[in-house]
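These notes concern the structure reproduced below.
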Amino acid sequence: MELVASQFNALKMPASNGNGASVNFNFAKGGQRIEVTIESPQQRTRSFELTDHAWHNALAFMAAQTNTPAPAAQRGRGGAERDDERADMREKRPDLPANFLVAAKTVAQSPRKGAWVDVPMASGTKLHTWISYPQGTMRAPVVLIFQPGPGMDMGEPPTRGGGANWLRAIADQLAAEGFIGVLPDLTSGLGPNGGNFDSFKFPDDSGAALNKISHAEVLNRIRVARDYALKLPMANGKLGVTGFCAGGGLAWESAAEIEGVNATHAFLYRQDLGRNWAATRDAWPKAMAFFKKHLR
156 MELVASQFNA LKMPASNGNG ASVNFNFAKG GQRIEVTIES PQQRTRSFEL TDHAWHNALA
216 FMAAQTNTPA PAAQRGRGGA ERDDERADMR EKRPDLPANF LVAAKTVAQS PRKGAWVDVP
276 MASGTKLHTW ISYPQGTMRA PVVLIFQPGP GMDMGEPPTR GGGANWLRAI ADQLAAEGFI
336 GVLPDLTSGL GPNGGNFDSF KFPDDSGAAL NKISHAEVLN RIRVARDYAL KLPMANGKLG
396 VTGFCAGGGL AWESAAEIEG VNATHAFLYR QDLGRNWAAT RDAWPKAMAF FKKHLR
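One gets this note's numbering by counting positions in the sequence shown from 1 and adding 155 to each.
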């Protein structure tokens, strides 16, 4: 009765078009399926075998049966737009970060200087940190970049002596925008035999290792990166922070807990900047405009 009442009330909401549907994930033995029931104006039910395409097919059925328009970002997804998206996945646009497919090439061929440094911490561990510098000699703001939960090697297996390609490409894009991009490996010294992010066998090992140190220690590592970055000869004294997923949460927390942060921007929940070009085209220019407004 509570479910029926909820459906009735939802159909009466101002934004509702009067149509509704319910979705049931049936994992009964012998037949895993998605079952969709159209509730109005007359009840119709359709079942989809649980394959890679089941969810998309179920959504398409619901949209067709309930007269639901496609979201603005998905309208007109004809051949031209798909071709443009495929081109984006193969190429590096100068105004946007590299996607996962071309990140390593972007960093390797960048005209901007980038290098790993090992910053001493009071514990004796060295904070392994990537820094990308803008071209030219003008002083520039610093932007710290925080890794997502799975670690520095988001989207790729750990690579001994290398890796972190997508996040390093983010740092490189920040440098292209006129910032000093600083990417501290928050798992420094936590890997096998005291190694860094590139010493883990699997990406999720990195996230598990980070959970073994106190949150106060994570914040302390961020302060070490801050202090080192702001003393760089090119730094202008202004500091921004950003991060992805769990790193986005750290970016928000840094605004309150880390002294000297002038601007914060968080990319939360998923790393869509590496895969979703519609999200990238929308979010990245806004983030850069925000940083340029508050850090220069």
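Built from N, CA and C at the ideal position, the CB exists for glycine as well. Fair warning: this is a prediction, and the values are worked out from it, not measured in the lab.
- The beta carbon of N212 sits closer than 7 Å to those of F203, all from its chain and outside the five residues before and after it, given in chain order.
- In the displayed model, R451 falls within coil according to three-state DSSP, outside both helix and strand.
- Counting C-beta pairs with one atom in each stretch, the region 406-421 and the region 317-329 have fewer than three that are closer than 8 Å, which means they do not touch.
- Under the three-state reduction of DSSP output, I368 falls in the coil class, being neither helix nor strand.
- About 19 Å separates the Cβ atoms of H283 and S369, ruling out a contact at the 8 Å cut-off.
- In the structure shown, the three-state DSSP call for H211 is helix.
- Residue environment: P339 is assigned as buried (16 or more neighbouring CB atoms within 10 Å of its CB, all protein chains considered).
- Between P252 and T397, the C-beta gap is not smaller than 9 Å, which leaves the two residues out of contact.
- Non-local C-beta neighbours of P289 in its own chain, meaning closer than 6 Å and more than five positions away in sequence, comprise A295, A330 and G333, ordered along the chain.
- By DSSP's assignment, A176 forms a beta bridge with I193.
- Around the beta carbon of G173, fewer than 16 other beta carbons sit within 10 angstroms, so the residue counts as exposed.
- The alpha carbon of F422 has as its nearest neighbour, out of A411, S409 and A401, the alpha carbon of A401.
- Rounded to the nearest angstrom, the gap between the Cα atoms of I286 and K386 is 13 Å.
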